[in-house]
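Colleague:
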Amino acid sequence: MSIITVERKVLEKNDQIAERNRRFFRDRGIFVLNLVSSPGAGKTSILERTFERMRDSCRMAVIEGDVQTDLDAQRVAEYQVPVVQIVTMGGCHLEAGLVADAMGKMDLDGTDLLFIENVGNLVCPSGYDLGEDLKVVVLSTTEGDDKPLKYPAMFRNASVLIINKTDLIPYVNCRLDVLRDNALKINPDLRIFEVSCQTGAGIDAWCEWLGGKGARGQ
Amino acid sequence: MHELGIAQNILDIVRQAVPENLAPDIRKIRIRVGQFAGVIPESLDFCFGVMAEESGMKQAALLIEEVPTACRCRDCGREFTLKEWVFLCPHCGGANLEVTSGKELEVVDIELVDHGGEAS
Ligand SMILES: Nc1nc2c(ncn2[C@@H]2O[C@H](COP(=O)(O)OP(=O)(O)O)[C@@H](O)[C@H]2O)c(=O)[nH]1
Ligand SMILES: [Mg+2]
Ligand SMILES: [Zn+2]
């Protein structure tokens, strides 16, 4: 038997491209958020509410990841926000190379905030750096309060948790305090916002925090 | 099912490390998978088996070393492995932890049979 020593990271190619993306964003002062959630938690809805509040004060752009369609990109485009759609053809997460391709198709000069809406999945995207400044995990109240314990890697790697669909709390079996406790057990540094895209509750607080991140010269 | 993509990456790395004519001699590919890497070992093993078969490494098997999640407490300086997903120091109760291992996803080494050295 002979042994060949390799010692290489399996995702090294992704990590290299992600680093390149990150330098590109840094050089232009663009703050980048990678939005992750299960399908239907409300990522696109949160973007829509965010555009309504912030489009006059902040230059925003979106990269949409989807398994099949460009429906989300169409929703975003209605707000006159520049958007490029990535269709992963069944792929369960975005990779840095796909994001780099999308960046090449848009003019990002002057952009303050770039949102990358990842494919709906709470497992796979957690290992793939895209070059973002931070990950935002969106969880809706209909998914139950134990989700952070089931997907610890995602909640540990995220910096922000948005709990969405708080308007449905009277109808679902979700205890907000238990949900918050579970999330903070995994990641005590998590910044938590509670919102409803239906009623607009909590969107102001989220946008205020976001405005600070998008402000120039930070 | 992103284990398929991971298996593909592993095969790419192996191909760069082993000359093509030696591919059939590969027996073991040792990889390190952190508990926290978002990879399910069983399904990675399955995907790899299918793809290795197609790529001429018919006898190659994955040897998966699972790495537990280890932390260092920034408050008291002690190190420990995480039992459940509770990120609190068992010594001082501090929550200011650095994850020191558990995110690994690496190809360690590759084992090949030597021709002439083994009767087969
Ligand atoms: N009741 C309620 N429904 C919501 C809320 N936010 C989103 N939805 C609905 O949930 C569904 C999925 O939302 P979407 O934004 O497409 O989720 P995504 O897959 O994460 O982008 C849509 O039918 C939305 O109208 C909310 O706060 N309350
Ligand atoms: Mg969406
Ligand atoms: Zn401690």
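As they're listed, the protein sequences go chains A and B.
For the first sequence, the residue numbers in the working numbering are 1 to 218.
For the second sequence, the residue numbers in the working numbering are 1 to 120.
Glycine is no exception: its CB is placed at the ideal position from the N, C-alpha and C atoms.
1. So residue 198 (chain A) is in the beta strand (DSSP E); what residue range does that whole segment cover?
2. Determine, for residue 9 (chain B), whether the minimum Cβ-Cβ distance to residues of chain E falls below 9 Å.
3. If we cut at 9 Å on Cβ distances, does residue 174 (chain A) have a partner in chain B?
4. Smallest Cα separation from residue 107 (chain B): which of B:24, B:4, B:29?
5. Could you check whether residue 31 (chain B) and residue 4 (chain A) sit closer than 9 Å to each other, using their CB atoms as the reference points?
6. Pull up the CB-CB distance for residue 68 (chain B) and residue 80 (chain B), whole angstroms please, since I reckon it's below 8 Å.
7. If we define contact as Cβ-Cβ less than 9 Å, is residue 187 (chain A) a contact residue for chain B?
8. Which stretch, first to last residue, makes up the alpha helix (DSSP H) that contains residue 96 (chain A)?
9. What does residue 111 (chain B) touch in chain A if you count any residue whose Cβ is under 7 Å from its own?
10. Does ligand 1 have even one heavy atom less than 8 Å from the beta-carbon of residue 169 (chain A)?
11. Please tell me whether, using a cut-off of 8 Å, the distance from the CB of residue 50 (chain A) to the nearest non-hydrogen atom of ligand 2 is below it.
12. What residue does the alpha helix (DSSP H) around residue 47 (chain B) start on, and which one ends it?
13. Roughly how far, in whole angstroms, is the beta-carbon of residue 114 (chain A) from the beta-carbon of residue 108 (chain A), given that I think they are within contact range, below 8 Å?
14. In whole angstroms, give me the CA-to-CA distance for residue 154 (chain A) and residue 137 (chain A).
15. Of all the residues that make up the segment 111-143 of chain A, which are near chain B by a beta-carbon distance shorter than 7 Å?
16. Can you tell me whether DSSP reads residue 119 (chain B) as helix, strand or coil?
17. With three or more C-beta pairs closer than 8 Å as the rule, is the segment 90-104 of chain B touching the segment 58-77 of chain B?
18. Sorted by chain position, which residues of the same chain lie with C-beta nearer than 6 Å to residue 88 (chain B)'s C-beta, five sequence neighbours on each side aside?
19. Tell me the residue span of the alpha helix (DSSP H) that contains residue 143 (chain A).
20. Would you grab the beta carbon distance between residue 183 (chain A) and residue 176 (chain A) for me? Rounded to a whole angstrom, and I think it's under 8 Å.
21. With a threshold of 8 Å, establish whether the CB of residue 57 (chain A) neighbours any heavy atom of ligand 1.
22. Mind checking if residue 28 (chain A) is an interface residue toward chain B, Cβ cutoff 9 Å exclusive?
23. Would you verify that the beta carbon of residue 21 (chain B) is, or is not, closer than 9 Å to some beta carbon of chain A?
24. Let me check understanding here. Comparing Cα to Cα, which of A:79, A:105, A:60 lies closest to residue 85 (chain A)?
25. By the three-class DSSP mapping on this structure, what secondary structure does residue 38 (chain B) have?
26. Tell me where the beta strand (DSSP E) around residue 66 (chain A) begins and ends.
27. Return yes when at least one heavy atom of ligand 1 lies under 8 Å from the C-beta of residue 69 (chain B), else no.
28. Starting from the C-beta of residue 110 (chain A), find all residues in its chain whose C-beta is less than 6 Å away, skip the five residues before and the five after it, and write them out in chain order.
29. Could you name the residues of the segment 8-19 of chain A whose beta carbon sits closer than 9 Å to any beta carbon of chain B, in the order they occur along the chain?
30. Any beta carbon of chain B sitting closer than 9 Å to that of residue 149 (chain A)?
31. Run down chain B in chain order and give the residues with a C-beta less than 8 Å from the C-beta of residue 153 (chain A).
32. Nearest CA to the CA of residue 158 (chain A): which residue from A:165, A:171, A:127?
Modeller: Looking at the coordinates:
1. Looking at the DSSP string, residue 198 (chain A) is not in any beta strand (DSSP E), and its letter there is neither H nor E.
2. In the structure shown, chain E does not exist; the protein chains are A and B.
3. no
4. B:29
5. no
6. Not quite, the Cβ-Cβ distance comes to about 10 Å (not below 8 Å), so this is no contact.
7. yes
8. 96-104
9. 1, 3
10. no
11. no
12. 41-54
13. 7 Å
14. 8 Å
15. 123, 124, 126, 127
16. Low confidence applies to residue 119 (chain B): its pLDDT is 46, below 50, so where it sits in the model is not reliable, and the reading given next is rough at best. Coil, per DSSP.
17. yes
18. 95
19. Residue 143 (chain A) -> no alpha helix (DSSP H), and no H or E assigned at all.
20. Not a contact, Cβ separation roughly 11 Å.
21. no
22. no
23. no
24. A:105
25. coil
26. 60-66
27. no
28. 59
29. 8, 9, 10, 11, 12, 13, 14
30. yes
31. 36, 37, 38
32. A:127
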